[in-house]
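These protein sequence lines map, in sequence, to chains L, X, A and G. Here the first sequence stands for residues 84 to 424, where the numbers follow the numbering used here. Here the second sequence stands for residues 84 to 424, where the numbers follow the numbering used here. Here the third sequence stands for residues 84 to 424, where the numbers follow the numbering used here. Here the fourth sequence stands for residues 84 to 424, where the numbers follow the numbering used here.
There are 4 protein chains.
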Amino acid sequence: MIVAMQDQATEAHIQSVIERMVELGFNVHRTTGATQVILAGVGNPAQFDVTEFQVMGGVQDAYRISSPYKLAGRSFRPEGTKITFRNGTVVGGEEVVVMAGPCSVESKEQILLSAQQVAAAGGKFLRGGAYKPRSSPYSFQGMGIPGLEIMREAADKTNLLVISEVMEISQIEPMLPYVDVFQVGARNMQNFNLLRELGHVRKPVLLKRGIAATIEEVLLSAEYILAGGNYDLMLCERGIRTFETYTRNTMDVSAIPVLKKLTHLPVFGDPSHGVGKREFVPALALASVAAGADGLLMEMHPNPDKAMSDGAQSLFPDQLTQLVNQMKALAPIVGRNVGGK
Amino acid sequence: MIVAMQDQATEAHIQSVIERMVELGFNVHRTTGATQVILAGVGNPAQFDVTEFQVMGGVQDAYRISSPYKLAGRSFRPEGTKITFRNGTVVGGEEVVVMAGPCSVESKEQILLSAQQVAAAGGKFLRGGAYKPRSSPYSFQGMGIPGLEIMREAADKTNLLVISEVMEISQIEPMLPYVDVFQVGARNMQNFNLLRELGHVRKPVLLKRGIAATIEEVLLSAEYILAGGNYDLMLCERGIRTFETYTRNTMDVSAIPVLKKLTHLPVFGDPSHGVGKREFVPALALASVAAGADGLLMEMHPNPDKAMSDGAQSLFPDQLTQLVNQMKALAPIVGRNVGGK
Amino acid sequence: MIVAMQDQATEAHIQSVIERMVELGFNVHRTTGATQVILAGVGNPAQFDVTEFQVMGGVQDAYRISSPYKLAGRSFRPEGTKITFRNGTVVGGEEVVVMAGPCSVESKEQILLSAQQVAAAGGKFLRGGAYKPRSSPYSFQGMGIPGLEIMREAADKTNLLVISEVMEISQIEPMLPYVDVFQVGARNMQNFNLLRELGHVRKPVLLKRGIAATIEEVLLSAEYILAGGNYDLMLCERGIRTFETYTRNTMDVSAIPVLKKLTHLPVFGDPSHGVGKREFVPALALASVAAGADGLLMEMHPNPDKAMSDGAQSLFPDQLTQLVNQMKALAPIVGRNVGGK
Amino acid sequence: MIVAMQDQATEAHIQSVIERMVELGFNVHRTTGATQVILAGVGNPAQFDVTEFQVMGGVQDAYRISSPYKLAGRSFRPEGTKITFRNGTVVGGEEVVVMAGPCSVESKEQILLSAQQVAAAGGKFLRGGAYKPRSSPYSFQGMGIPGLEIMREAADKTNLLVISEVMEISQIEPMLPYVDVFQVGARNMQNFNLLRELGHVRKPVLLKRGIAATIEEVLLSAEYILAGGNYDLMLCERGIRTFETYTRNTMDVSAIPVLKKLTHLPVFGDPSHGVGKREFVPALALASVAAGADGLLMEMHPNPDKAMSDGAQSLFPDQLTQLVNQMKALAPIVGRNVGGK
């Protein structure tokens, strides 16, 4: 931490700051300039609040230097995290992995058809929501465990893996037999109790960025899961809220290369939620691959016009097939492949 | 709902839209202008997604007209909600109710001293966190139930009521004997499972606005609690995230009168989190009262410089006393009082 | 400036950074910790870009310490700036000064009536736009100089002062005979050429905060005017853009006390643009006074329903009168007065 | 326009709204539902303010239906706008056009070298600022006309075209002999007087999106230029402000396909300002091409570490060459080419 004192700071002010820094566990180096004193705190105390120093007498400003996350940082595992699944799919390697499927599980027929279409297009994961976070209590809230049974069966028939959202600690245990990846939605990115529990699970997790979260906050939330010992973690950019209302959210494509630099964790893009309208999903999907994504999470529905949720942003099956073909052509330009070589 | 068709929309496009509207339960009134057709959907289907229409062929735009919340709307209870507590305090009446105390429960001495100071200043509620949502897993996470025992004892000795944050469904039951109000924090505003459970509790709830939430989203989250049958609900503006970084958040003072218009629920302001630096808290507290708040939630600590969390935004006890005195003078100008007449 | 090097930074990296700092005019103090080197740059070079250091090899992060504005800083004139006008009105003193009037100058009758109503209510300035920045080229663009003639005449008859918006350098000269204060609108807050010219004028300026501007950016824009030698400058918070769409903008009431701390310049609030709907203007006006504003800028129209622009946010004359009366009662609570003692 | 009345609206309320609609030039169609009246205003009055209706008695909400821009809309020229330049370069056709060069013109040597490097890499335009909008009055403000002379000479020697920023009406005339495209910066996107003047010029303009502007606001600003008769207009996404501070701005890649749908004007991406750090520029450049951009505007400097402005986001010449090669491979996947076939 660094504390820059005001020009008019008294020696008493300076001593108060130094004392508090030492109390927290810092070694303090003092630089005395012509008009200003600067205090550099070296060391790495377990916790401190930089704002505390900002409001102390005589302080101009205070800066945290060490990043507040450790396990999520790229330097913890410079070569990057790879997660290998039972059907041989590797996330975090050369392949850009496609996860697709409907927003909600609605019926056995819908899911089996979806799974066949995803597999045919070259996808490796079937996505689908059995528990749905809906902003209105009057909207469809999901099928629950019976929905997951349907997903598991359809995925097994088509050699796909299952990813589905967990919203609540009490859902973890019952979901375990059915899913290959627990998805944590944007609204739960800072549900710290849920994150902590997922750190104790031995199953991969995909953590989505919150709509108003900074990249540092995403990494701090990742730290909760990693700190529990679960290192099979993926992150996902799925659009942030901005002033633009024509799109549902604004997909921060730059978050993909930035996260790839700052962390060793695989980074996905979700253009369906990112843009919210079907016709723009392919453009953002290709952009995500061009920007270095390790995978894409996309909504596709056998019949989007009849979907019980998010139909407007779900691709038609043919669109998915065509898009994956474009991705296959694009990936090698950035040193990757889609669907395995 | 209203659907405005494009100038070049074909009759087939128009019929598709009408069919889907009827299917959802709308009565459709068609207005045919010189260049444009407008379809007004009258009726109130339980659920529909306006985006679905926005992406249909030939559609220019679609608008939801009915507000998506019912029980939270002002028209449900035009006279406003009043909540009466066992010590006679009424929230939602003429009194602007003061809730104050430290961010975290740290010790018995700290809390008893805080309670005495809050009571002396004219506060009616003791606030304090036993479960703390912290963005870093390495920060102090709270004392849990022993902290609540301390709060209850201190509050009883000083004739105060207890408000404390609940973060997780599993905490509701154990907290019940100790709190008078469950506080739902900004990060949990869209933790819908938690909200639903709190709807089944027979104890008042104070729901804070999320840092990126619109006012409509706050009211939809309120609807989750009300729909469960718990009508003793208060809302709280506590600052939203903006581009300004000098303040911790930006307190949306206008949300106070806007909420007072749109809903019958009492509306609090939390200037401590709203601005995040002690020296600006009084200005925002007075502004909140001037703007019509039903109460204030503020952080005060017997010794802010030694606080385990949020010390930078906690008032000194003397500041609280002085501020409440200013509030007492100000409230009558807007037809209210502080501390009872 | 402070540069924190990465743990793995080489001595060559460190030397490159030191060389560049010295080249820019800094004296460099080096702190070598167990794992990390920190470089403190003391001195105050005329210009440098902190981002340049952030992308250098081996650098973890770089921080600007000195504030980039000088003349606008509170320490330049700790006692605060007072501006005295020819009718005796003082801005920046104990009085909270009221400026009111219609959005646009529409006719002689409208303006004369407005002026009488503003003066009767206790206002000191007549506001009104002769040049209008409109987001659509098809909207009413203002009356120009004839409008200013009308304002001047009406203001002189009622002992008011005139404030009106300047949008373009070429308008400064012709406006000079008519206005007492040049208003710079939010959209022109970073029209640096215009600001620079206004620095050479010997007439007070009121500078509005841009809708996405930080407080530091407001002060940097102020610096352009001050650097030209024009010290009669007022700032104005008028609402920033947030995700909330129910209000036109979100008035950042906290910007008022923050600016009062950071700068010596008088600070106004404009609740009309801040909230955009008439019914909420009084609440935000009172909140602004409670938060320490030196004055208010408000829209009032003799007949808002027929206004050519911004009718929805213009107060009725009676509302203004009533509001100023409330302000008169409120101001003494924060050590001020309205309308002179 | 559509006005939805409240359930409890009286007939007098309804008649007031109808009268005002008729007064503005609408034909009004009334739909009377069981509980609610809806008024559809057909016709296209030159100007009206939808907020005016939102605050009228008995009104629940009011919606503008017609888009407020006409000439900028895709339907005005469905086939898209193509701009042909004297060296044969066509913007808006199949080629994705590269514009590159330094942020600021610094010297003859720097610019000539830059031009050679841009031309060698496959660029068609030389960019460079002679007038610089800087947030601090103490930063380098540009070389002015002598800088433009240097650019013209270098561009002519290398068969490039010149694009440079205009900040002020008074600069238009002197710049005319030197530039092929006038660039309007983000801070001037709503400098309506400047836009209006550029509408009267017979030279292409590239208009950048403001950092907090919606897409509709960009199109309204475009309308100012088009309404003056200048149809040779390009738009440019260059990053918007969000809560993320690790990147300078957040490049809204989705704005590219959205603009391509809504308008006939060519759409550029500026990844240099979009992300602000050199290492991430290639990822965002490729993403922009993948998303359908008609061209890219990028900063490149012969020696970025010594640049007088924006060095941190300027590519090295070799990086530009490599990036353009990747773009050449990528473009055909989305039906385009780079550098001509």
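Even for Gly, the Cβ is constructed at its ideal location relative to N, Cα and C.
Item to complete: Using DSSP bridges, identify the partner residues of A:Asp144.
Response: A:Ala87
Worksheet item: In chain A, what lies closer than 7 Å to L:Arg324 by C-beta?
Response: Phe326
Worksheet item: What number of angstroms, rounded off, separates the C-alpha of L:Gly205 from the C-alpha of L:Ser197?
Response: 12 Å
Discussion item. Does any residue of chain X have a CB that is nearer than 8 Å to the CB of L:Thr134?
Written reply: yes
Discussion item. Between L:Ile228 and L:Gly211, how many whole angstroms is the CB-CB distance? I'm expecting something under 8 Å.
Written reply: Wrong, their Cβ atoms sit about 13 Å apart, outside the cutoff.
Worksheet item: Between which two residues does the beta strand (DSSP E) containing L:Ile121 stretch?
Response: Val120 to Val125
Fill in: chain L contact for G:Pro337 (CB, 8 Å cutoff)
Correcting the residue identity first, residue 337 of chain G is Ser in this sequence and not Pro. Closer than 8 Å to some Cβ of chain L, the Cβ of G:Ser337 qualifies, so yes.
Worksheet item: Three or more C-beta pairs closer than 8 Å, one from the stretch 299-306 of chain X and one from the stretch 351-360 of chain X: is that the case here?
Response: no
Worksheet item: Hey, how far is the Cα of L:Leu289 from the Cα of L:Tyr314?
Response: 11 Å
Worksheet item: What three-state label does DSSP hand A:Arg235 in the structure shown?
Response: helix
Practice prompt. Report the neighbours of L:Gln119 on chain A: residues whose CB is nearer than 7 Å to its CB, in chain order.
Written response: Val125
Item to complete: Using a threshold of 8 Å, state whether the C-beta atoms of A:Phe40 and X:Val341 are closer than that.
Response: Since the first and last residues shown for chain A are 84 and 424, residue 40 of chain A lies out of range.
Discussion item. Would you say G:Asn110 lies against chain X (beta-carbon separation less than 8 Å)?
Written reply: yes
Worksheet item: Is X:Glu300 helix, strand or coil when you go by DSSP?
Response: helix
Worksheet item: Which one of L:Ala366, L:Gly378 and L:Ala390 has the shortest CA to CA distance from G:Gly418?
Response: L:Ala366
Fill in: Which of helix, strand or coil DSSP assigns to X:Gln266
strand
Worksheet item: Which first and last residues belong to the beta strand (DSSP E) in which X:Leu290 is found?
Response: Val288 to Lys291
Worksheet item: Can at least three beta-carbon pairs, one atom from the stretch 273-280 of chain A and one from the stretch 213-223 of chain G, be found at a separation below 8 Å?
Response: yes
Item to complete: With DSSP as the reference, please indicate the residues paired to A:Ser150 in a beta bridge.
Response: DSSP, once it has assigned bridges, lists no residue as partnering A:Ser150.
Worksheet item: In whole angstroms, what is the alpha-carbon distance linking G:Ser190 and G:His384?
Response: 12 Å
Worksheet item: CB G:Gln266 to CB G:Ser247, shorter than 8 Å?
Response: yes
Item to complete: Check L:Met54 in the structure and name its three-state DSSP category.
Response: Chain L is shown only over 84 to 424; residue 54 of chain L falls outside these bounds and no answer can be derived.
Item to complete: Please compile the residues from chain A whose C-beta is within a distance smaller than 9 Å of the C-beta of L:Ala87.
Response: Ile85, Ala123, Tyr146, Ile148 and Ser149
Worksheet item: Can you tell which of L:Gly378, L:Asp90 and L:Gly140 has its C-alpha closest to the C-alpha of L:Gln98?
Response: L:Gly140
Fill in: Reduced DSSP category for L:Asn271 - H, G, I as helix; E, B as strand; rest coil
helix
Worksheet item: Listing by chain order, which chain L residues have their CB less than 7 Å from the CB of G:Val341?
Response: Tyr329, Thr330 and Phe363
Worksheet item: Can we say the stretch 101-112 of chain L touches the stretch 120-127 of chain L, given the rule of at least three CB pairs closer than 8 Å?
Response: yes
Fill in: is_contact[X:Ile97, chain A] using C-beta, thresh 8 Å
no
Worksheet entry | Cutoff 8 Å: A:Gly156 Cβ touching any chain L Cβ | no
Worksheet item: Expressed to the nearest angstrom, what Euclidean distance is found between the alpha-carbon atoms of A:Gly163 and A:Gly175?
Response: 7 Å
Fill in: Beta carbon proximity, X:Gln396 to chain A, threshold 8 Å
no
Discussion item. Strictly below 8 Å CB to CB, what residues from chain X border A:Gln409?
Written reply: Ile416 and Val417
Fill in: Which listed residue (G:Ser222, G:Pro287 and G:Tyr329) has its alpha carbon closest to that of G:Val245
G:Pro287
Discussion item. Alpha carbons only, please: which of G:Ala374, G:Gly375, G:Ala370 and G:Arg331 is nearest the one belonging to G:Leu406?
Written reply: G:Ala370
Practice prompt. Look at G:Ala368 and G:Leu379 and say whether their C-beta atoms are less than 8 Å apart.
Written response: yes
Fill in: Option nearest G:Met104 by Cα separation, candidates G:Arg147, G:Ala213 and G:Asp393
G:Arg147
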